[in-house]
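Just so you know, the protein sequences line up as chains A and B, in that order.
Just so you know, we're using this note's numbering here: the first sequence kicks off at 1 and counts up by one.
Just so you know, we're using this note's numbering here: the second sequence kicks off at 1001 and counts up by one.
The structure appears right after this line, and notes come after that.
Protein chains: 2
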Amino acid sequence: MPIRIAVDAMGGDYAPLEIVKGAVQAAREYNIAIQLVGDEVQIKNELAKYDTAGLDIGITHTDEVIEMGESPAKALRAKKNASIVLTVASVAKGESDGLVAAGSTGAAMAASLFGLGRLPGIKRPVICCTMPTTKQPIALLDGGANSDCEPEMLLEFAIMGRIFAQLILGYENPKVGLMNIGEEEGKGNEFTKATFNVLNAKKEIINFIGNVEGRDTFTGDVQVVVCDGFVGNVILKTAEGALKMVTKLIKQEFMSSPLNMLIGLISKSVFSGIKKKIDYEKIGGALLLGVKGVSVISHGSSNAYAIKNAIRVAKEAVEKNVNEKIVEMYNESMKEVN
Amino acid sequence: MPIRIAVDAMGGDYAPLEIVKGAVQAAREYNIAIQLVGDEVQIKNELAKYDTAGLDIGITHTDEVIEMGESPAKALRAKKNASIVLTVASVAKGESDGLVAAGSTGAAMAASLFGLGRLPGIKRPVICCTMPTTKQPIALLDGGANSDCEPEMLLEFAIMGRIFAQLILGYENPKVGLMNIGEEEGKGNEFTKATFNVLNAKKEIINFIGNVEGRDTFTGDVQVVVCDGFVGNVILKTAEGALKMVTKLIKQEFMSSPLNMLIGLISKSVFSGIKKKIDYEKIGGALLLGVKGVSVISHGSSNAYAIKNAIRVAKEAVEKNVNEKIVEMYNESMKEVN
Chain A
1 MPIRIAVDAM GGDYAPLEIV KGAVQAAREY NIAIQLVGDE VQIKNELAKY
51 DTAGLDIGIT HTDEVIEMGE SPAKALRAKK NASIVLTVAS VAKGESDGLV
101 AAGSTGAAMA ASLFGLGRLP GIKRPVICCT MPTTKQPIAL LDGGANSDCE
151 PEMLLEFAIM GRIFAQLILG YENPKVGLMN IGEEEGKGNE FTKATFNVLN
201 AKKEIINFIG NVEGRDTFTG DVQVVVCDGF VGNVILKTAE GALKMVTKLI
251 KQEFMSSPLN MLIGLISKSV FSGIKKKIDY EKIGGALLLG VKGVSVISHG
301 SSNAYAIKNA IRVAKEAVEK NVNEKIVEMY NESMKEVN
Chain B
1001 MPIRIAVDAM GGDYAPLEIV KGAVQAAREY NIAIQLVGDE VQIKNELAKY
1051 DTAGLDIGIT HTDEVIEMGE SPAKALRAKK NASIVLTVAS VAKGESDGLV
1101 AAGSTGAAMA ASLFGLGRLP GIKRPVICCT MPTTKQPIAL LDGGANSDCE
1151 PEMLLEFAIM GRIFAQLILG YENPKVGLMN IGEEEGKGNE FTKATFNVLN
1201 AKKEIINFIG NVEGRDTFTG DVQVVVCDGF VGNVILKTAE GALKMVTKLI
1251 KQEFMSSPLN MLIGLISKSV FSGIKKKIDY EKIGGALLLG VKGVSVISHG
1301 SSNAYAIKNA IRVAKEAVEK NVNEKIVEMY NESMKEVN
């Protein structure tokens, strides 16, 4: 049986068009089965645009959708058959091996948590993001699941991030750093000072190297960066904003004179090389770690390429038993305490 | 009498060489007097390298220096004649109108706070940073003075940031946004939810437009972004890191083949145009707002150009009576309460 990934076909700014397109591409490229969840008529209309011969693409029909602006908790209570709920249910019932959702992050998180439950030992699921660096990509967590954290939660994040960095990013012994505003021990706010001590007590198990700063997120020298979900989300959006600013300034500059426009044409290939290296769409989506199942949450503005890559991430997480490994490592780290 | 700026000649990675060089340039370019504080022999050696004819450059000798690694509090107690202490004292005694320091940020902050005292009404001084955007620069505060904040402190930051954005950045009625992880009211962690209410209660006085996100720091659409010093510092260093990553990737790509190297040569002028727009050195330094005096804190790695610009910022803050205006606006905002 090939791996089957359930995809919320109705979630995201470009749903169902780009979602279905990305799903078809993934089915063909990765040789996997896809379960599209959403309005059957709309999905079939989209599917009809592509050659799906020989592909295993199922449809679970529903006409309920949770919109981006809705309160996740309320919406989940009111819409028992929302596409995200049925997408998660497909995994919970064992009909699919993992899921991808590009709609409301809050709804996808809540639906995954309620529908799948937590991994044994894990108190708080976490959004594990992949960040581009000048070397290889690294993991940043929490990307925004828990905006207020207790120090102990960051130990769980470190454990989950290490497994992700090993199995999905391919690091043998990834280093874990605590996001802070100074490298020396004793730096930071009350929260990071307390968290430092919690992580430092498990130094050997999690390969904790100490505090890191905002700029260290992009060097590749630390492979797992942990922080609370507020700070993590600010980092993600700040990085996104800074990169967009540069892109815009480069474009502006290349448009500022006929000579610059010519230079722009000449150097186009160079920029597409750079773009590939910091391509958030290639990253596809963030894994919600700590739930009993593979759940990949994509950016609301995901296009087909991003969805295809999100499905790849889900497939890899299933193949590599990320969740089992997290439980194993968690138990190991707890053993050391007693 | 021309404006006189006291400069800690011994602070920063390239002190006293780059500090003295930048100070001489500023003295000539802005027609101001400079008081260099530090080792007289070293300073004179540096001064001898330049044409200082007609410039008013004084020296206050001291051989004590607070190093980057030292605990600011301890060092300030132990080194009563440290260059940063005497630099601040020059302003406190009225011998200079403002100061610039590029050494330990913690020491410069603490020395300024102890030596100058707080402005009436202001509880916590704040580091007010200038951030490049795709349009004009904006203000971000707190850049790192207060790593743990109470919601009420951010109202002070907003007041001080508004004055800075009006007088130094030149905005008529700058918009104030609260750094958060979602735009809608009710988003965020406990701290930002509480802070939202505090700022919203003074909405009209501070021109509060609500929550903003990491990416909004770079669009120029909001001109004053407030957050606690931990988050602010993370944003600054994340932006710095992301921009450095792009620069490095661009360089790598241009070096990757002879053709790309040629394209790199051709497009060099375009990049220097962009570099100018996001030039942190041109910004010079951050104002420590809320103390009774003008105190500009520069990056530890400041070169002469950055120091010259930091001195320009100090000069402008003196000329435009930033501190008096802060007190006026603070009193006004308090009046509205009663």
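Positions of the beta carbon are idealized from the N, C-alpha and C atoms, including for glycine.
Q: Round the Cβ separation of A:I181 and B:F1230 to the nearest angstrom and send it over; I've been treating them as touching at under 8 Å.
A: 6 Å
Q. Within 10 angstroms of its Cβ, does B:D1364 collect 16 or more other Cβ (buried), or is it exposed?
A. Here chain B has residues from 1001 to 1338 only, and residue 1364 of chain B is not among them.
Q: Answer yes or no: do A:I311 and A:V24 have a C-beta to C-beta separation smaller than 8 Å?
A: no
Q.
Mapping the DSSP letters down to three states, classify B:S1083 as helix, strand or coil.
A. helix
Q. From the beta carbon of A:R215, is the nearest beta carbon of chain B less than 8 Å away?
A. yes
Q: Pick helix, strand or coil for A:V7, following the three-state DSSP scheme.
A: strand
Q. What residues of chain A sit near B:T1133, judged by a beta carbon separation below 8 Å?
A. M245
Q: Measuring alpha carbon to alpha carbon, tell me which of B:M1255, B:A1314 and B:G1273 ends up nearest A:I250.
A: B:G1273
Q | Residues that A:I138 bridges to, as DSSP identifies them | A | A:M131
Q. From which residue to which residue does the alpha helix (DSSP H) around A:G273 run?
A. K268 to K277
(Q) Spatial neighbours of A:I43 within its chain, please: C-beta separation below 7 Å, excluding the five flanking residues on both sides. (A) A9, P16, V20, L36 and I59
Q. From B:A1027, B:G1012, B:G1011 and B:Y1014, pick the residue whose C-alpha is nearest to that of B:A1314; which is it?
A. B:A1027
**Q.** Same chain, Cβ closer than 7 Å to B:A1073, five either side skipped, listed in chain order
**A.** A1110
**Q.** Simplified DSSP assignment, three categories, for A:L199
**A.** helix
Q | alpha helix (DSSP H) segments (min. 4 residues) lying fully within the stretch 136–198 of chain A | A | 151–167
Q. In the structure shown, what three-state DSSP assignment does A:N303 receive?
A. coil
Q | Alpha carbon of A:E332 to alpha carbon of B:A1102, nearest angstrom | A | 47 Å
(Q) Strictly below 7 Å CB to CB, what residues from chain B border A:D148? (A) N1189 and E1190
Q) So is A:N408 buried or exposed if we call it buried at 16+ other beta carbons inside 10 Å? A) In the structure as shown, chain A starts at 1 and stops at 338, and residue 408 of chain A therefore has no counterpart that could be examined.
Q: Please compile the residues from chain A whose C-beta is within a distance smaller than 9 Å of the C-beta of B:K1282.
A: What B:K1282 touches in chain A: nothing, since even the nearest Cβ is about 14 Å away.
**Q.** Whole-angstrom distance between B:I1066 and B:R1077, CA atom to CA atom
**A.** 11 Å
Q. Got a sec: which bits of the stretch 245–260 of chain A sit with their beta carbon under 7 Å from any beta carbon on chain B, in order along the chain?
A. M245, V246, K248, L249, I250, E253, F254 and N260
**Q.** Any chain B beta carbon closer than 8 Å to A:G144
**A.** yes
Q | Classification of B:S1257 by the beta-carbon crowding that lies within 10 angstroms, buried from 16 upward | A | exposed
Q: Spell out the partners DSSP gives A:G35 in its beta bridges.
A: For the record, residue 35 of chain A in the displayed sequence is Gln; it is not Gly. In the DSSP output, where bridge partners are listed per residue, A:Q35 has A:A6 and A:G58.
Q.
Just checking: is the beta-carbon of A:N211 within a distance shorter than 8 Å of some beta-carbon in chain B?
A. no
Q. Cβ of A:A242 versus every heavy atom of the ligand HEM: is any distance shorter than 7 Å?
A. By its list of ligands, the structure shown contains no ligand whatsoever, and the ligand HEM lies outside what it can speak to.
Q. Rounded C-beta distance between B:G1011 and B:M1160? I'm assuming under 8 Å.
A. About 24 Å; that fails the 8 Å criterion.
Q.
Just checking: is the beta-carbon of A:S104 within a distance shorter than 8 Å of some beta-carbon in chain B?
A. no
Q. Roughly how many whole angstroms lie between the Cα atoms of A:V337 and A:G177?
A. Residue placement at A:V337 is flagged as unreliable, the pLDDT there being 49, under the threshold of 50; a coordinate-derived value is accordingly withheld.
Q) With 16 other CB atoms within 10 Å as the buried threshold, where does B:D1228 fall? A) buried
Q.
Distance check for B:D1056 and A:I283, CA to CA, integer angstroms please.
A. 58 Å
**Q.** Cross-chain neighbours of A:A242 in chain B, by beta carbon under 7 Å
**A.** F1218, A1239, A1242 and L1243
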